[in-house]
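Participant: The structure's right below; bear with me while I get my questions together.
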Amino acid sequence: EVSDVEVFLKSNVDEEVWYKLLDPHPFYEKVWKTFLWKARLAKYVLDYLHENPGSLFQDMKQNFYDWTTRLRGNDGNYRDWISAVNGNQDFRSIVANSIDFLWNQAYNIGEDYSNLFFFKDEFCPSLYSNVSNAAKVEKTVVTNLAYVWFNDLFPKHLNQIEVIVNNNMEKVNGLELEDEECRILDHEGRIPEFKDCISTEQQIYTKVIIDNVPIYVGDAVEVYPDIEGERWICYITEFQKINDSGTFRLIWLYTREQSILGNLNRDFGSMYEKEVFFTTHCECSFLPMGINKIMRKVKIYYNEPEYLDLNGDHLFFCRYYYRHTECAFLRFYQEMLKKKNGKLPCGCASLKVSSDFENFLKSYDVGDCILVNPLNGDPQDLYTVCSVESIDSKEETINLRRFYRVSEVSEKYELNKINEVLYSDYIFEFNDFQKVIRKCHVEFVDPNRPLPINLQHKGAGNQFFFWRKYHCSINIISPIVDCGKFRAKFPNYLEKTGHIARLRGLDLFCGGGSLGRGLEDAGVVHCQWAIDRDVAALRTYRHNVQGDHTNIINEDVNKVLQDLILGTGDTQSIPDKGEVDIILAGPPCQGFSSLNREKENERSIYNNSMMASVASFIDYYRPRYILIENVTEITKHQVFVRLLGFLLDLKYQIRFNVVSAAHVGCAQKRYRIFLWGASRDEVLPEMPPMTHEYKNHSKFREIKIFQMSGFEYEEAASFPMITIRDLIDDLPSIDTGIYWYPEYPDHHTLVLSREFREILRRIPPCSHYYHALDSEDIFSTIITGMSGDACCPKAVHYEEPRMLSVREAARAQGFLDSDLICARIRVNRSSTQIKPKKLTNNRLEYYRNFGNSLCDYGFQWLLNSNENIITLQFIEQCQFQHCLIMGF
Numbered sequence: 018e019v020s021d022v023e024v025f026l027k028s029n030v031d032e033e034v035w036y037k038l039l040d041p042h043p044f045y046e047k048v049w050k051t052f053l054w055k056a057r058l059a060k061y062v063l064d065y066l067h068e069n070p071g072s073l074f075q076d077m078k079q080n081f082y083d084w085t086t087r088l089r090g091n092d093g094n095y096r097d098w099i100s101a102v103n104g105n106q107d108f109r110s111i112v113a114n115s116i117d118f119l120w121n122q123a124y125n126i127g128e129d130y131s132n133l134f135f136f137k138d139e140f141c142p143s144l145y146s147n148v149s150n151a152a153k154v155e156k157t158v159v160t161n162l163a164y165v166w167f168n169d170l171f172p173k174h175l176n177q178i179e180v181i182v183n184n185n186m187e188k189v190n191g192l193e194l195e196d197e198e199c200r201i202l203d204h205e206g207r208i209p210e211f212k213d214c215i216s217t218e219q220q221i222y223t224k225v226i227i228d229n230v231p232i233y234v235g236d237a238v239e240v241y242p243d244i245e246g247e248r249w250i251c252y253i254t255e256f257q258k259i260n261d262s263g264t265f266r267l268i269w270l271y272t273r274e275q276s277i278l279g280n281l282n283r284d285f286g287s288m289y290e291k292e293v294f295f296t297t298h299c300e301c302s303f304l305p306m307g308i309n310k311i312m313r314k315v316k317i318y319y320n321e322p323e324y325l326d327l328n329g330d331h332l333f334f335c336r337y338y339y340r341h342t343e344c345a346f347l348r349f350y351q352e353m354l355k356k357k358n359g360k361l362p363c364g365c366a367s368l369k370v371s372s373d374f375e376n377f378l379k380s381y382d383v384g385d386c387i388l389v390n391p392l393n394g395d396p397q398d399l400y401t402v403c404s405v406e407s408i409d410s411k412e413e414t415i416n417l418r419r420f421y422r423v424s425e426v427s428e429k430y431e432l433n434k435i436n437e438v439l440y441s442d443y444i445f446e447f448n449d450f451q452k453v454i455r456k457c458h459v460e461f462v463d464p465n466r467p468l469p470i471n472l473q474h475k476g477a478g479n480q481f482f483f484w485r486k487y488h489c490s491i492n493i494i495s496p497i498v499d500c501g502k503f504r505a506k507f508p509n510y511l512e513k514t515g516h517i518a519r520l521r522g523l524d525l526f527c528g529g530g531s532l533g534r535g536l537e538d539a540g541v542v543h544c545q546w547a548i549d550r551d552v553a554a555l556r557t558y559r560h561n562v563q564g565d566h567t568n569i570i571n572e573d574v575n576k577v578l579q580d581l582i583l584g585t586g587d588t589q590s591i592p593d594k595g596e597v598d599i600i601l602a603g604p605p606c607q608g609f610s611s612l613n614r615e616k617e618n619e620r621s622i623y624n625n626s627m628m629a630s631v632a633s634f635i636d637y638y639r640p641r642y643i644l645i646e647n648v649t650e651i652t653k654h655q656v657f658v659r660l661l662g663f664l665l666d667l668k669y670q671i672r673f674n675v676v677s678a679a680h681v682g683c684a685q686k687r688y689r690i691f692l693w694g695a696s697r698d699e700v701l702p703e704m705p706p707m708t709h710e711y712k713n714h715s716k717f718r719e720i721k722i723f724q725m726s727g728f729e730y731e732e733a734a735s736f737p738m739i740t741i742r743d744l745i746d747d748l749p750s751i752d753t754g755i756y757w758y759p760e761y762p763d764h765h766t767l768v769l770s771r772e773f774r775e776i777l778r779r780i781p782p783c784s785h786y787y788h789a790l791d792s793e794d795i796f797s798t799i800i801t802g803m804s805g806d807a808c809c810p811k812a813v814h815y816e817e818p819r820m821l822s823v824r825e826a827a828r829a830q831g832f833l834d835s836d837l838i839c840a841r842i843r844v845n846r847s848s849t850q851i852k853p854k855k856l857t858n859n860r861l862e863y864y865r866n867f868g869n870s871l872c873d874y875g876f877q878w879l880l881n882s883n884e885n886i887i888t889l890q891f892i893e894q895c896q897f898q899h900c901l902i903m904g905f
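For the sequence shown, the numbering used here begins at 18 and goes up steadily by one.
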């Protein structure tokens, strides 16, 4: 056997004639060397399979390298060959991106290896527990309650399966309020009688008697509305006597029609006409209302409507505190009505009862790392990273240690490590506590080891690391030697959260796993079940998930839900009721997307109906938490507000918001709506602030986004804007896509026609139809199909006449270079052999993996940036809330 590879081409004329390839013309040398590298790959892989016929694709992760190196380590040709992967020992991505070529060699050259299980392992759907002969479910399977809420939106697409519910509860009529007290008040010719004065100077009282009906501060009343047909209800917060009459101040109670639920074209909520929401919406900045505006006294009952017998027109129930500025519904506690100084707290009232220093002590301690507003001389658009060294309670000051960004003190810094900071010897006294923004995570790392996953996402989640020290007085940077001391003081994220029991997650429409993996990387969710019908996406999920603890289910969600409800089929790999702590869902968004020109066709409507499927899974499992993602355009459709009403009917607390991928570390114009849900006994996570700058936001949709629920734009951020050039300029040139590099096996792109390549070479600067990316801006939205013309977002490389490569698109979506991206080849179901498509381009399926996925960084941001929310609220049920991830 020769040690090197010899390459022959088979004649098309005579099967017995082969041509041996020798030295190439210089013009083809680079392509020839790439092909020769792949030819050697084919030989080495087939040699390995010959000696190890039971091998699987997973063996390419380490076993292939070990076996080949042990056998050929002294071979100079092999050493030259292996050097091209730059130390990588995991060959899965290389093999996955060369699988067509490898199968062809296995099938056509010499002994036929194509029937080995290695080739069937990754490219046969039976691996994912999908029953190929199972009957396809044609309609969206829904539960009883989901059918009620969504049937009129999708009358031809829902299949209701009856769920037996035990509803043996007695109605309660325990309202201690006489009807006489709630009659319509007669103000004509009557002078209100004020009682219990608490301020003679301002004539403030806590009680007034109108038409022989006593009304107290804290009572709920109905007032005469300015708009006919509405009902205006409020709590009294203050009475003021003015001559023979007086005024009152209030906190509004919203009816469902006055909340975001007013957008419902039909409301199916239980006794919805009787529900009101507590708010902090007051009118203290306006003139108070006159006493004669009070229509009557009403009774608010704090319980679930199914327990109540609310026959009177003056009876209402309240379950939620509605944050009207954020469109959030939180569980209401009667303690929220606690009076202070004879008054109820309102939205504009200053609730500050402690000094800034006392408030600081409630949230921070010695050893915490924090972000503060830029100090004098610092970049004014980036927060300063500090650690709390000591606290002086007597002087009400603290000592902070300053961390420097590498870019502040050195020109030698790596753009892909913008979250690296330098420990310093600069300690200063600090007492301006209003400039303290929030906590951040800083950990000491070993520079000789790969960064932990949580630190590889370019700072997403306000996560920093260091391994060097900056000596301010002598302006020198040196490695830190006393590793043990710093590792104990600045532990890694896993050590800080490893003791916490993870939530058991069900990942619906999981795709390649961006959502589930992001939450797993954050250390608080264990995605135990993942469901999708896209085999290629599930392979990507399986190969990138940590360990083998995820049950990957290749099945239609409708079939899964149908089997669960009816108790049919194989449900061993499906969770039982009570096992799911959190449901994650990113249902199909194509029907809502602004890029879809056929929103009314059957496919789009069917995709939209999948939101009813998500609702049904929630109804069936009743998990502690819910996280749903979709495109922002869904908020314009009835299906979204119906989902809100549905979740409230299930007694969930809910909050939704828009997340911009650019503001959480992904260099991409990608906006997604995220909906958090939490059961009534849990703490609902807050939506967090941005972590990364996006300087060009005024040119796009951010201004509109900032005005939506709860999104707060900050003048400074934790990290600078990440541009396209920052993200992908280190990748080698592939020209029109003709070059390939083993070190970056998925850095390849669509093969374009010669005519189209020439068009891309000649795009003028002012072109509106064909347009290249601006290297100093961020990517346009990555979608499933990228054409380069005005019908799709920009996807033409800023310097080369080609579309974005798979790896470039993956980086734009927040995938790490170590992530394996799988695409599918066609399965010939009439044969046991697996044959690649002729002249096919599997890269289209790579793009589909990305276009249908979420930004990985988005979920690091969604969880990691608020250690308190996840580790304390989610797991330890702490009462403290502050604000996070996912874009996503």
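Every residue gets a Cβ at the ideal spot worked out from N, C-alpha and C, and that includes glycine.
Small disclaimer: the values here were computed from a predicted structure and weren't measured.
#1: So with Cβ pairs under 7 Å, would you call V315 a contact of chain B?
#2: Any chance the CB of E703 is under 6 Å from a heavy atom of the ligand PLP?
#3: C500 lies in the beta strand (DSSP E); which residues open and close that run?
#4: Can you confirm whether the stretch 594-603 touches the stretch 552-569 when touching is taken to mean that 3 or more C-beta pairs between the two stretches lie within less than 8 Å?
#5: Measure the alpha-carbon distance for W35 versus T86 and round it to whole angstroms.
#6: Determine the DSSP secondary structure at E68, reduced to helix, strand or coil.
#7: Considering just the uninterrupted stretch of the beta strand (DSSP E) at V22, what are its terminal residues?
#8: Going straight from the alpha carbon of F265 to that of L701, what length do you get?
#9: If you measure between the beta carbons of P810 and S792, is that distance less than 7 Å?
#10: Quick one: what's got a C-beta closer than 6 Å to N114's C-beta in the same chain, skipping five residues either side?
#11: Name the DSSP bridge partner or partners of T264?
#12: Identify the continuous alpha helix (DSSP H) that holds N80 and give its terminal residues.
#13: Just list the beta strand (DSSP E) runs in the stretch 197-245, keeping only unbroken ones of 3 residues or longer that don't cross its boundaries, in chain order.
#14: Helix or strand or just coil, what does DSSP make of H764?
#15: Take every Cβ of the stretch 57-67, pair it with every Cβ of the stretch 765-772, and state whether three or more of those distances are shorter than 8 Å.
#16: Determine whether the beta carbon atoms of I415 and V405 lie at a separation below 7 Å.
#17: Can you tell me where the beta strand (DSSP E) with A602 in it begins and where it stops?
#18: So the candidates are F483, I569, D636, V459; which of them puts its Cα closest to the Cα of R466?
#19: Using 8 Å as the Cβ pair cut-off and three pairs as the minimum, do the stretch 661-671 and the stretch 812-831 touch?
#20: Could you tell me which whole beta strand (DSSP E) segments of length 3 or greater appear in the stretch 612-694?
#21: What's the gap between the Cα of D138 and the Cα of F450?
#22: How do the stretch 693-710 and the stretch 649-662 stand: do at least 3 beta-carbon pairs fall below 8 Å, yes or no?
#23: Decide yes or no for the touch test of the stretch 286-304 against the stretch 255-275: beta carbon pairs closer than 8 Å, at least 3 of them.
#24: Quick check on N125: does DSSP put it in helix, strand or coil?
#25: I need the DSSP call for E33, collapsed to helix, strand or coil.
#26: Check the DSSP bridge columns for Q480 and list the partner residues they point to.
#27: Inspect the CB distances between the stretch 632-647 and the stretch 155-166 and report whether three or more fall short of 8 Å.
#28: Please report the straight-line C-alpha distance between K60 and I116, rounded to a whole angstrom.
#29: Using the C-alpha atoms, what's the distance from L119 back to N926?
#30: Just the C-alpha distance for R57 and A477, rounded to the nearest angstrom, thanks.
#31: Starting from K355, trace the alpha helix (DSSP H) both ways and give me its first and last residue.
#32: Between E825, R819, H298, D409, which has its C-alpha nearest C365's C-alpha?
#33: Can you check DSSP and say which residues form a bridge with Q177?
#34: Could you tell me if R96 is buried or exposed, where buried requires 16 or more neighbouring beta carbons within 10 angstroms of its beta carbon?
#35: Shortest alpha-carbon distance to V240 belongs to which of L73, V315, Q220?
#36: Please go through the same chain and pick out, in chain order, the residues whose beta-carbon is closer than 6 Å to the beta-carbon of G246, but skip the five residues on each side of it.
Facilitator: Working from what's here:
#1: The chain inventory of the structure shown lacks chain B, comprising one protein chain alone.
#2: No copy of the ligand PLP appears in this structure; indeed no ligand is present at all.
#3: For this step, residue 500 is matched to residue 483 along the sequence shown. Where C500 is concerned, there is no enclosing beta strand (DSSP E), although the alpha helix (DSSP H) it sits in stretches over 500-506.
#4: No: the two stretches stay apart, fewer than three of their Cβ pairs being nearer than 8 Å.
#5: Residue 35 sits at position 18 when you count from the first residue of the sequence shown. Residue 86 sits at position 69 when you count from the first residue of the sequence shown. Our two residues, W35 and T86, have alpha carbons roughly 31 Å apart in a direct line.
#6: Position 51 of the sequence shown, counting from 1, holds the residue named residue 68. Here E68 sits in helix by DSSP.
#7: Locating residue 22 in the sequence shown gives position 5, counting from the first residue. Note, V22: premise wrong, no beta strand (DSSP E); not H, not E.
#8: Residue numbering aside, residue 265 sits at position 248 when the sequence shown is read from its first letter. Residue numbering aside, residue 701 sits at position 684 when the sequence shown is read from its first letter. In a straight line, the C-alpha of F265 is about 33 Å away from that of L701.
#9: The residue labelled residue 810 in the question sits at position 793 within the sequence shown. The residue labelled residue 792 in the question sits at position 775 within the sequence shown. No. Outside cutoff.
#10: Looking up residue 114 in the sequence shown gives position 97. So the qualifying residues of the chain are P762, D763.
#11: Along the sequence shown, read from residue 1 onward, the residue named residue 264 stands at position 247. Q257, G307, per the DSSP bridge assignment.
#12: The count along the sequence shown starts at 1 and reaches residue 80 at position 63. From DSSP, the alpha helix (DSSP H) with N80 extends over 80-89.
#13: Correct list: 210-216, 221-227, 230-233, 237-240.
#14: For the purposes of this step, residue 764 is taken as residue 747 along the sequence shown, with counting starting at 1. Correct three-state label for H764: coil.
#15: At 8 Å Cβ cutoff, the stretches do not touch.
#16: Counting from 1 along the sequence shown, the entry for residue 415 is found at position 398. Counting from 1 along the sequence shown, the entry for residue 405 is found at position 388. Yes; because the gap between Cβ atoms is below 7 Å, this pair is in contact.
#17: By 1-based counting over the sequence shown, the position of residue 602 is 585. Where A602 is concerned, the enclosing beta strand (DSSP E) starts and stops at 599-602.
#18: Here residue 466 is taken as the residue at index 449 of the sequence shown, counted from 1. It is F483 whose Cα lies nearest to the Cα of R466.
#19: No: the two stretches stay apart, fewer than three of their Cβ pairs being nearer than 8 Å.
#20: As summarised for the stretch 612-694, the continuous beta strand (DSSP E) elements at least 3 residues long and confined to that stretch are 642-648, 670-677, given in chain order.
#21: The sequence position of residue 138 within the sequence shown is 121, counting from 1. The sequence position of residue 450 within the sequence shown is 433, counting from 1. So the alpha carbons of these two residues sit roughly 59 Å apart.
#22: Result no; under three Cβ-Cβ pairs closer than 8 Å.
#23: Counting Cβ pairs under 8 Å, three or more are found: they touch.
#24: Translated into the one-based positions of the sequence shown, residue 125 becomes position 108. DSSP, read as helix, strand or coil, puts N125 in helix.
#25: Counted from its first residue, the sequence shown places residue 33 at position 16. Note: E33 maps to coil in three-state DSSP.
#26: Locating residue 480 in the sequence shown gives position 463, counting from the first residue. For Q480, DSSP records a beta bridge to H458.
#27: Under the Cβ criterion (8 Å, minimum of three pairs), the stretch 632-647 counts as touching the stretch 155-166.
#28: Walking along the sequence shown from the start, residue 60 turns up at place 43. Walking along the sequence shown from the start, residue 116 turns up at place 99. Their backbone Cα atoms lie some 13 Å apart in a straight line.
#29: Not covered by the structure: residue 926. The range shown for the chain is 18 to 905.
#30: Start at 1 with the first residue of the sequence shown, and residue 57 comes out as number 40. Start at 1 with the first residue of the sequence shown, and residue 477 comes out as number 460. Using only the alpha carbons, I get a separation of about 40 Å.
#31: Within the sequence shown, residue 355 is the residue found at index 338, counting from 1. Under the DSSP assignment, K355 falls outside any alpha helix (DSSP H); it carries neither an H nor an E label.
#32: Position 348 of the sequence shown holds residue 365. Looking at the Cα atoms, H298 is the closest of the given residues.
#33: What you label residue 177 is simply residue 160 of the sequence shown in a count that begins at 1. DSSP, once it has assigned bridges, lists V159 as partnering Q177.
#34: Within the sequence shown, residue 96 is the residue found at index 79, counting from 1. Exposed, since its Cβ has fewer than 16 Cβ neighbours within 10 Å.
#35: Translated into positions along the sequence shown, residue 240 becomes position 223. The shortest Cα separation from V240 among L73, V315, Q220 belongs to V315.
#36: Position 229 of the sequence shown holds residue 246. Sequence-distant Cβ neighbours of G246 in its own chain, meaning closer than 6 Å and more than five residues away, do not exist here.
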